[in-house]
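First comes the structure, then the notes that go with it.
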């Protein structure tokens, strides 16, 4: 029987980061993942944004989590020999004069935001109320996740299959899963956790996001462009255009209705023609208080969770994974704001 200190379910951004920090701490880890093509991490654009919402509120703990995230992604880039982290400006177009006023009231006077002296992209974007510059970044998840997956395989730390919760057994010393014995299992599998038997008390607010991949002839930029819809440049010359938030859905597949909504937003942003190349969708695992969900089940101390990162996953995951690692290996107290026990 294979033995591990930690069995990690899922290799999205949460499972990737937690397994990385535990391996760095010298722990034996096995990650179970079936590389579902439309998982939230594999569809996401990987945006790191220092402000949140339409009122430009500062993102939670950003001054702490952003430098840590940048350092972590650069370290992984060097290890995996894949560039995964790019600092970018978010060219944020104001949809109204009220939004411009909100920006002036909330977001000026800090190192992450400013008003430009001249407007860019006038030939391409409809921006009668002007725009702001927000300094952010992107994580290339479509490069990071498969490269790190290969690394896990090289470390004999990957089991490529769909996790079957019925095959998990709690023992006196931890858990067993088929031919694996581990001290603890930690669920990092996003919205799939909600259908398992252990975390039904957790108030997830899962929502489906849909995005388009589009070609915009003549538009070449390294910036993220944002006005209702967000355009993120991709390596192949396309733009990731999204994302919608759908709270009432019957499956995780793309829909004609959301394509129509996304295209309407594109038409409100762009002055030029575009071509839709593909449509993608996934379900996000957000907590109801928009904070990560971390810790161990109060009745089953071998069953843990690292989840609920939501739309801030790429900025939150490195710091929170490192924090959870310290909880696990050094008995550091878990931050109350993210403690699973707030749901029990």
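Numbering (the working numbering), first residue to last: -14 to 329.
Each residue gets a CB set at the ideal place from its N, CA and C atoms; glycine is no exception.
Using the rule of at least 16 other Cβ atoms within 10 Å of the residue's Cβ for burial, across every protein chain shown, is residue i buried or exposed?
| i | result |
| --- | --- |
| residue 192 | buried |
| residue 228 | buried |
| residue 330 | Any property of residue 330 remains undetermined from this structure, which presents the chain solely from -14 to 329. |
| residue 101 | exposed |
| residue 205 | exposed |
| residue 159 | buried |
| residue 243 | buried |
| residue 154 | exposed |
| residue 64 | exposed |
| residue 195 | buried |
| residue 222 | exposed |
| residue 308 | buried |
| residue 29 | buried |
| residue -14 | exposed |
Please state the DSSP three-state secondary structure of residue i.
| i | result |
| --- | --- |
| residue -2 | helix |
| residue 76 | strand |
| residue 115 | coil |
| residue 145 | coil |
| residue 47 | helix |
| residue 296 | helix |
| residue 122 | strand |
| residue 327 | helix |
| residue 332 | Nothing in the structure corresponds to residue 332, since the chain is present only between -14 and 329. |
| residue 18 | coil |
| residue 106 | coil |
| residue 68 | coil |
| residue 303 | helix |
| residue 215 | strand |
| residue 96 | coil |
| residue 55 | helix |
| residue -12 | strand |
For residue i, which residues of its own chain have a beta-carbon under 8 Å away from its beta-carbon, when the five flanking residues on both sides are left out?
| i | result |
| --- | --- |
| residue 237 | 23, 193, 266, 267 and 268 |
| residue 40 | 87 and 91 |
| residue 306 | -1, 2, 3, 5, 6 and 291 |
Please list, in chain order, all residues of the same chain as residue i whose beta carbon is under 6 Å from its beta carbon, the five residues on each side excluded.
| i | result |
| --- | --- |
| residue 1 | 133 |
| residue 199 | 224, 226, 259 and 261 |
| residue 314 | 10 |
| residue 303 | 2, 53, 54 and 57 |
| residue 329 | 186 and 283 |
Which same chain residues, not among the five before or five after residue i, have their C-beta less than 7 Å away from its C-beta?
| i | result |
| --- | --- |
| residue 280 | 289, 290, 319, 324, 325 and 326 |
| residue 152 | 162 and 163 |
field: Contiguous beta strand (DSSP E) assignments of at least 3 residues, all confined to the region 225 to 289
entry: 260 to 269 and 278 to 281
- prompt: How do the region 252 to 263 and the region 96 to 115 stand: do at least 3 beta-carbon pairs fall below 8 Å, yes or no?
  reply: yes
- request: Please list the segments of the beta strand (DSSP E) lying wholly inside the region 160 to 210, counting only runs of 3 or more residues, in order along the chain.
  value: 160 to 162, 165 to 172 and 192 to 200
task: Could you tell me whether the region 231 to 248 touches the region 289 to 308, using the rule of 3 or more Cβ pairs below 8 Å?
output: no
- request: Mind the definition here: the region 115 to 125 touches the region 33 to 42 only if three or more C-beta pairs lie below 8 Å; say whether that holds.
  value: yes
- request: For the region -7 to 0 and the region 172 to 187, state whether three or more C-beta atom pairs, one from each stretch, are separated by less than 8 Å.
  value: yes
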